[in-house]
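Written below as structure tokens is the structure these notes are about.
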Amino acid sequence: MSDSRKSQRNINKAKTKTPMREQDPLQRIYNFEEVPLGYSETEAVQEARRCIQCKNKPCISGCPVGIDIPQFMRLIGEENFEEALRLIKSKNFLPAICGRVCPQEDQCELHCTLNKPDKGREPGAVGRVERFIGDYAMEHGLDALPAIDPPTGKRVAIIGSGPAGLTCASDLIQRGHQVTVFEALHKPGGVLFYGIPQFRLPKEILVREIDGLKKMGVEFVMNYPVGKAESMESIRQRFDATFIGTGAGLPWFLNIPGENLNGVYSANEFLTRVNLMGGYRFPHAADTPVKRIKRIAVIGAGNTAMDSARTAQRLQPEIVYLVYRRSRLEMPARIEEIHHAEQEGIKFHLLHSPVEIVDDGNGCVGAIRCQEMQLGEPDASGRRRPVPIEGRTREFAVDTVVIAIGTSPNPLLLADCPDLARHPKKGTILVDEQTMQTSWPDVFAGGDIVTGGATVILAMGAGRKAATAMHRFLTTGSAGPAPAAEQPAGQEA
Amino acid sequence: MANKIVQKRELAPKTVLFEIEAPHIAERGRAGQFVILRVSEWGERIPLTIAHREPARGTITIVVQEVGKTTGDLNCLEVGEDILDLAGPLGRPTRIPAGGKTVVCVGGGIGNAVVWPQVAALKEAGNTVISILGARTRELLILEDEIRALSDETIVTTDDGSYGRKGMVTHALQDLIDGGRSLDEVICIGPVIMMKFVCKTTQPYGIPTQASLNPIMVDGTGMCGACRVTVGGQTRFACVEGPEFDGHQVDFDELMKRLSYYQPEERLALEKAHACRLEAAAARLAAAQDQN
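Protein chains in written order, with the numbering used here: chain A, 1 to 493; chain B, 1001 to 1292.
Written out as structure tokens, the structure is:
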């Protein structure tokens, strides 16, 4: 390594991540503003210089879209922001979003050579630096539109405007195809709009990214539930290829007594009322009501449960409980979200499994009764199975219950595609893993509709993978070389 | 897809018919299906049944009774204005017998707007249709001419006897049954309490009865579950599995309770909307006076 490069790199040997300033918990529970405030230029450069530029680069294998993270960190460390932006945008066109919502601690940062918790050493804060460059690009008007290839004359339909669909649309418009995105709701973004709260992903960022796509020529059709507004058959006739990214939006309930009492919500309904419909501003600046909640129990411990609990806390209740049947170790949510929830005063009742929602006598929620649990042997998921402790139940007085235990594939489109190959139990769409091609050769799928409820970045990775194969399909007639054995039944090569 | 209003007509006090340009919904919609619409940024999403379709003109018709803020805002729109957001057709179509059956359609109040396309579809399939239309009083009875023109027989009831037969729709239905008419099916749509008693009337005779439910909805596409109803002990989502269900299996009491949950908020929104409209009217008056 040359001396000049060494001096430029100027490695920062701090053992822990450069802290990111946050809104004070006591302040933030009274607003919907973002919690982490982002790095300044100095902080971002300082953090990027913690990257030791190791040879193995294990972080890259931890990234679902394979970003050259050491190179990215080096460019930021050298204050070459424009080049760093170009590099990241070549793999991930939504850095401002992914820097905020990716579970980096399970991906790139988990694999970071620096990551030695037993020695008190933290990984490079890749996510925070990624967020910095996304925000920097917006603030400095650097989000120059990428070059668009000459028109191919091919038409592509994207069904669903969530992270998978947006990524797929971005990639295909750049390859010169004509792209139309169909969305059933009145705002584009899918889960990024209706699900992830404002304080975790400000809507302005999403709107800006979508405006960028519009400027690149992507056509968005809102209020258009494909399968209802138009048949899938007709879409396939009108378009040369179709991508289905309709997500997993059908909420699960617990199937316990009292679940249809007034005051019981799916997390989807609760978050949709607040995020998509702006219900926290009812009645002054939005028409969709959200009840004045006093005591609320959120069931589940994934990111959606944390989002629901933290959203509830901002509606000024007396108490927010989070009820989960396993222990802290098994909580599927991001550590950062669990930490934020605790900071904000959400009270966890772990190893409690709801058995009944109790009527207050007027058809509304009065309490939730829970069975106390303990951990037994590991189950099929590898996590220790919760087993009831005989005779031990507890009741918590609440007026609202939010159920955040998972979702199934969205039903609207699938009801119109009975012949499309699907998983017999989960109902998810079956695809070739290499190409994301479905049992219909011109139709590709990705995101939660294929995987079941997962993450934004996985959906984006799937959208990108599908776009690559769709481009091949549109230009050569074949989605790509895929081993026949991995293809679902009925698929044509 | 501008969703332009091409016709507006008052059918009864606070009850307005809109014909709206929506070619794809006009083409794809079927009797019993609904649309979800919004009239303003940060407005509510509300479901409304498609009352009529004109595929050749590319229009659909909805009938809106002003009961809250959003329906009030909607009824203030005029011909030439656009509905901000309009999605559909949603829900499953009414199950229409293939022909040769005698079907009674029972509509109450605003429910007649749903009966209208059902009668049309039933007749088109070759069935005999008896329509029973109920209203509290004569001036609230809507779409009588349209439905009468399509039905083989039409019976009108009013609670106060101001028009047609005095009494409830269930009385007229009971008389049909007692008169020995062979009825193959009943379809009912109206206030929940009316549907509950129509179903109670037909149950002892084992006459299959479909009820078109109107629970609270948010997205209307199966994502939120606000519209869940209990049918035969099972939780069902009215937006994607309904809105019509076997009326003998529906838990109407639960539906009534769920429908009442937001009444305080609805009142609050309405009071605020009234205040806003008064302020706007006052501002207009003041502006006019300034000009004079």
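Even glycine gets a Cβ: it sits at the ideal position worked out from N, Cα and C.
query, result
"Per-residue DSSP class, three states only, for Ala-1002 of chain B", "coil"
"Classification of Ile-11 of chain A by the beta-carbon crowding that lies within 10 angstroms, buried from 16 upward", "exposed"
"Gln-487 of chain A, buried or exposed, once every other Cβ within 10 Å from all chains shown has been counted against 16", "Bear in mind that the predicted position of Gln-487 of chain A carries a pLDDT of just 44, short of 50, making it unreliable; the figure below should be weighed with that in mind. Buried, since its Cβ has 16 or more Cβ neighbours within 10 Å."
"3-residue-minimum beta strand (DSSP E) runs that sit fully inside the segment 242-325 of chain A, ordered along the chain", "264-266, 295-299, 319-324"
"Own chain partners of Lys-228 of chain A with C-beta closer than 7 angstroms, once the 5 adjacent residues on each side are dropped", "Leu-412"
"Candidates A:Leu-414, A:Val-129, A:Asp-240, A:Ala-462: closest to Phe-473 of chain A by CA position", "A:Asp-240"
"Phe-444 of chain A: first and last residue of the uninterrupted beta strand (DSSP E) it sits in", "443-445"
"Per DSSP, cross-strand counterpart(s) of Met-373 of chain A", "A:Pro-388"
"Residues of the segment 1203-1221 of chain B with Cβ closer than 8 angstroms to any Cβ of chain A, in chain order", "Val-1218, Asp-1219, Thr-1221"
"Contacts of Leu-185 of chain A in chain B (Cβ-Cβ under 7 angstroms)", "Asp-1219"
"Contact set between the segment 286-310 of chain A and chain B, restricted to residues whose Cβ is under 7 angstroms from the partner", "Ala-286, Asp-287, Thr-288, Pro-289"
"Same chain, Cβ closer than 7 angstroms to Leu-172 of chain A, five either side skipped, listed in chain order", "Val-156, Val-179, Ala-467, Met-470, His-471"
"Contact with chain B by Ser-439 of chain A, beta-carbon distance below 8 angstroms", "no"
"Distance, Ala-96 of chain A Cα to Glu-130 of chain A Cα", "7 angstroms"
"Length of the line joining the Cα atoms of Lys-426 of chain A and Gly-247 of chain A", "13 angstroms"
"Ser-2 of chain A classed as buried or exposed, judged by whether at least 16 other C-beta atoms fall within 10 angstroms", "The predicted model places Ser-2 of chain A with a pLDDT of 44, which falls under 50 and marks its position as unreliable; any figure quoted below should be read in that light. Exposed, because fewer than 16 other Cβ atoms sit within 10 Å of the Cβ of Ser-2 of chain A."
"Of the listed residues A:Leu-276, A:Pro-150, A:Ile-159, nearest to Met-216 of chain A (C-alpha basis)", "A:Pro-150"
"The segment 446-466 of chain A / the segment 256-265 of chain A touching (three or more Cβ pairs under 8 angstroms)", "no"
"At least 3 beta-carbon pairs within less than 8 angstroms: the segment 1248-1266 of chain B vs the segment 1044-1063 of chain B", "no"
"Proximity of Ile-1207 of chain B and Leu-1183 of chain B at Cβ, strictly below 8 angstroms", "yes"
"Option nearest Gly-1167 of chain B by Cα separation, candidates B:Gln-1174, B:Thr-1158, B:Leu-1173", "B:Thr-1158"
"Within-8 angstroms CB hit, Gly-1088 of chain B to chain A", "yes"
"Met-1195 of chain B at chain A interface by Cβ criterion, 8 angstroms", "no"
"Contacting residues, own chain, Cβ-Cβ under 6 angstroms from Ile-251 of chain A (five flanking each side not counted)", "It is worth fixing the name first, because residue 251 of chain A is Pro in this sequence and not Ile. Correct list, in chain order: Ser-266, Asn-268, Thr-407."
"Segment contact flag, the segment 395-406 of chain A with the segment 418-432 of chain A, C-beta cutoff 8 angstroms, min 3 pairs", "no"
"Buried versus exposed call for Ser-4 of chain A [16 or more other C-beta atoms within 10 Å across all chains shown]", "Model confidence at Ser-4 of chain A stands at a pLDDT of 45, short of 50, so the residue's coordinates are unreliable; what they give is reported in the following sentence. Answer is exposed; the Cβ neighbour count stays below 16."
"Proximal residues of chain B, C-beta to C-beta of Ser-269 of chain A below 9 angstroms", "It is Glu, not Ser, that sits at residue 269 of chain A in the sequence shown. Correct list: Val-1218, Asp-1219, Met-1223, Cys-1224, Gly-1225, Ala-1226."
"Residues from the segment 217-245 of chain A in contact with chain B, defined by Cβ distance under 9 angstroms", "Val-221, Met-222, Asn-223, Tyr-224, Pro-225, Lys-228, Ala-229, Glu-230, Ser-231"
"C-beta neighbour in chain A for Leu-1077 of chain B, strict 8 angstroms", "no"
"Sequence-distant residues of the same chain with beta carbon closer than 8 angstroms to Gly-279 of chain A, five excluded per side", "Arg-273, Ala-286, Thr-288, Pro-289, Val-290"
"Neighbour-count burial assignment, Asp-432 of chain A, 16 or more Cβ in a 10 Å radius", "buried"
"Validate contact between the segment 1208-1217 of chain B and the segment 1230-1246 of chain B using beta carbons, cut 8 angstroms, 3 pairs", "yes"
"Range of the contiguous alpha helix (DSSP H) that encloses Asp-1178 of chain B", "1169-1178"
"DSSP-derived helix/strand/coil call for Ser-234 of chain A", "helix"
"Chain B contact residues for Ser-266 of chain A, given Cβ-Cβ distances below 7 angstroms", "Cys-1224, Gly-1225"
"Rounded separation between Phe-396 of chain A and Arg-49 of chain A - CA only", "49 angstroms"
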